[in-house]
Amino acid sequence: MKKIALITGATAGIGRATAHKLAQDNYNLILTGRRQDLLEDLKKELGIKYKCDVLSLVFDVRNNKQVEEFLGTLPEIWKEIDVLVNNAGLAAGLAPVQEGDLADWDQMIDTNVKGLLYVTRVVAPFMIARGHGHIINITSIAGKEVYENGNVYCATKHAVDALTKGFRLDLLKHNIKVTSIAPGMVDTEFSLVRFKGDKDRAVKFYEGFTPLCADDVAEAIFFAVTRPPHVNINDMLIMPAAQANATMTHRVFPENK
Ligand code: NDP
Ligand code: 8X3
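Put into structure tokens, the structure is as follows:
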């Protein structure tokens, strides 16, 4: 029988790549995001390529009413979720605290922290009822270190790091594994979103070195979910080879060679 994975934020980047990876490994998928057209395209693509069943749910993780409405009322068969990938998230802006945009702060805190909590609050009881499960939280190097102007984004990812540890304690007796996957810089829509559609700025962010790609992170998630029952990957920090930590990246430009 196929297993079921629920991936939040599957319309792009890491979530989308993880959907491909798990579908290829014989999972049926519940995929969520706000952009319906992208979810529908992905659902079609995965169905054709991997012959898997896909349930696509369009909602905003910041809205707990929607989270409960869509996930709380899943048909019984879809409640049998083996793997939850809490991936939906974003950075909005990059500014010193004294110039921070309050709407950006709210968006990051509401999505990265509260959204992740809302989804887990609904899904964890399904896993408890079945006596097993695996929750993967996508944290970040920004959840381990803080960088200039990253204040609130880094705080949200530090919060997810703490929540990961807390979930692990609370869910231990229920045989539910909890894993943090913490990537460094990954070339996805992340920077385009952070810089509010400014393509030049987003492209510059990844210039002069090879960042991770979404597939690299999907591979790490896949590794974590395919360990035998007695093994849990608590925390995986995965960086581009050219990025030593949150603040130091070795960039080489043709004119400097
Ligand atoms: P993308 O921007 O490519 O993807 C983000 C996904 O999150 C999209 O599918 C988006 O879907 C979804 N999302 C955002 N806000 C909401 C919301 N309010 N409700 C529902 N879904 C939402 O970025 P990444 O793939 O890079 O990011 C995925 C995760 O990885 C994030 O948590 C990010 O913080 C983390 N991360 C990213 C790194 C990077 O350098 N790229 C490094 C470390 C961690 P839609 O817009 O359709 O709603
Ligand atoms: C995203 C990685 O370093 O751009 O979490 O903040 S970084």
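Just so we're aligned: the sequence shown equals residues 1266 to 1522 in the numbering used here. Beta carbons are placed, not taken as given, at the ideal position from N, Cα and C, and that holds for glycine.
What three-state label does DSSP hand residue i in the structure shown?
i       : result
SER1321 : strand
ILE1269 : strand
LYS1442 : strand
LEU1359 : coil
GLY1298 : strand
LEU1311 : helix
ASP1452 : strand
GLY1396 : coil
LEU1339 : coil
ILE1374 : helix
VAL1388 : helix
HIS1495 : coil
ASN1329 : helix
ILE1346 : coil
VAL1458 : helix
To which residues does DSSP link residue i through a beta bridge?
i       : result
GLN1289 : According to DSSP, which records beta bridges pairwise, GLN1289 is partnered with nothing at all.
THR1514 : GLN1508
ILE1486 : Note: ILE1486 sits in no beta bridge, so no partner.
MET1501 : ILE1446
LEU1477 : VAL1451
ASN1351 : ASN1402
Just how far apart, CA to CA, sit residue i and residue j?
i       : j       : result
THR1385 : TYR1471 : 32 Å
VAL1443 : VAL1350 : 10 Å
HIS1423 : ALA1511 : 13 Å
ASP1371 : ASN1352 : 18 Å
PHE1249 : LEU1381 : In the structure as shown, the chain starts at 1266 and stops at 1522, and residue 1249 therefore has no counterpart that could be examined.
ARG1395 : VAL1451 : 34 Å
THR1297 : PHE1474 : 32 Å
LYS1438 : MET1392 : 12 Å
THR1283 : LEU1303 : 15 Å
ARG1492 : ILE1486 : 10 Å
ILE1441 : LEU1320 : 23 Å
PHE1368 : THR1453 : For the record, residue 1368 in the displayed sequence is Ala; it is not Phe. Going from the Cα of ALA1368 to the Cα of THR1453 covers about 23 Å.
LYS1330 : THR1514 : 41 Å
VAL1490 : VAL1517 : 36 Å
ALA1357 : ILE1374 : 10 Å
ILE1272 : GLU1520 : 42 Å
LEU1322 : GLY1398 : 21 Å
GLY1462 : PHE1455 : 10 Å
ILE1295 : ILE1269 : 7 Å
LEU1311 : ALA1483 : 15 Å
THR1376 : HIS1495 : 32 Å
ILE1498 : LEU1339 : 29 Å
CYS1478 : TYR1383 : 28 Å
ILE1406 : LYS1309 : 33 Å
TYR1418 : TYR1412 : 10 Å
LYS1464 : ILE1342 : 42 Å
When you measure from the CB of residue i to every non-hydrogen atom of ligand 3, does any distance come out below 7 Å?
i       : result
ARG1327 : As far as ligands go, the structure on display features ligand 1 and ligand 2 and does not contain ligand 3.
So residue i and residue j are supposed to be a Cβ contact under 8 Å. How far apart are they, rounded?
i       : j       : result
GLY1354 : ILE1403 : 7 Å
ASN1416 : VAL1378 : That belief does not hold up - the Cβ atoms of ASN1416 and VAL1378 are roughly 14 Å apart, past 8 Å.
LEU1457 : ALA1467 : 4 Å
ASP1426 : GLY1408 : 4 Å
LYS1267 : ASN1293 : 5 Å
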